[in-house]
Structure formats: C-alpha cells, structure tokens
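Novice: In our numbering, the protein residues as written are -18 to 84. Here a beta-carbon is modelled for each residue, glycine too, at the ideal position from N, C-alpha and C.
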Amino acid sequence: MSLGGPRHGDEDPPHPGLSVRHDCLEPLRLAVTAAAGKLGVSRKQMSDIVNCRSGISPEMAIRLDKAFGGGADTWYRLQAAYDLAQAKKKAGRIKVKRIASAA
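Here is the structure:
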C-alpha cells in the first residue's frame, strides 16, 4: 500500500483522509458506513476524515493500521505533515520575539 499518493516538488502534502478514501476504501469498494462499522467509529467520524473535515488522531491511526495496514506511525505522520504544512501557510501571522541563545 502506497499511502499518501505521488507528490511533486514543493506541493503541500494532501489531507490523509484522501489516502483513506483512495488507498483503502475505494479499492475494496467499501462504503463509509461499512468502514466505520469495521473500525468501531461513527459514520460521521469516518465521513469527516475521508472528506477532509477532520484529522487522524493517534487512536484512529491505530484503528486504520489494524484495519488496512500501513503502520499507525505512518498514518499519524501523514496527519502531522499535513498539519505542519497548513501551519506554515500561516507562519507570517505568528508573532514571536526571538530569544537569544546563551553563549
């Protein structure tokens, strides 16, 4: 399983919900409701993930690994990479005073 899909250059990482949808659900022709039942989560929670409205928590990463493989750490890293890319887009609005290091 190739999680995350192909990336080119400096593109932002995709939301990991797209990987859940394209790499896990679609190849198995698994509906959101059926996947939610197998993972032991609500249909809304699964729908929010695959429609990029919610992120993958550490617990969900474990559930995805148990259901589809790929490694819980990989699922969680996909989310962390996405979150960091989104935060970097707002970096200019984050105001911080530089702290000099002790010499």
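Could you check how far apart the C-beta atoms of A48 and K25 are, in whole angstroms? I think they sit under 8 Å.
Specialist: In this structure A48 is not in contact with K25, their Cβ atoms being roughly 18 Å apart against a cut-off of 8 Å.
Novice: What is the rounded straight-line gap between the Cα of E(-8) and the Cα of L6?
Specialist: 24 Å
Novice: Does DSSP classify P39 as helix, strand or coil?
Specialist: helix
Novice: Which term fits A83, buried or exposed, when burial requires 16 or more other beta carbons within 10 angstroms of its beta carbon?
Specialist: So A83 counts as exposed.
Novice: Out of L(-1), G21 and M27, which one is the CA nearest neighbour of A12?
Specialist: M27
Novice: Is the beta carbon of G52 less than 7 Å from the beta carbon of V31?
Specialist: no
Novice: In or out: D21 buried (at least 16 other Cβ within 10 Å) or exposed?
Specialist: What sits at residue 21 in the sequence shown is Gly, not Asp. G21 should be labelled exposed.
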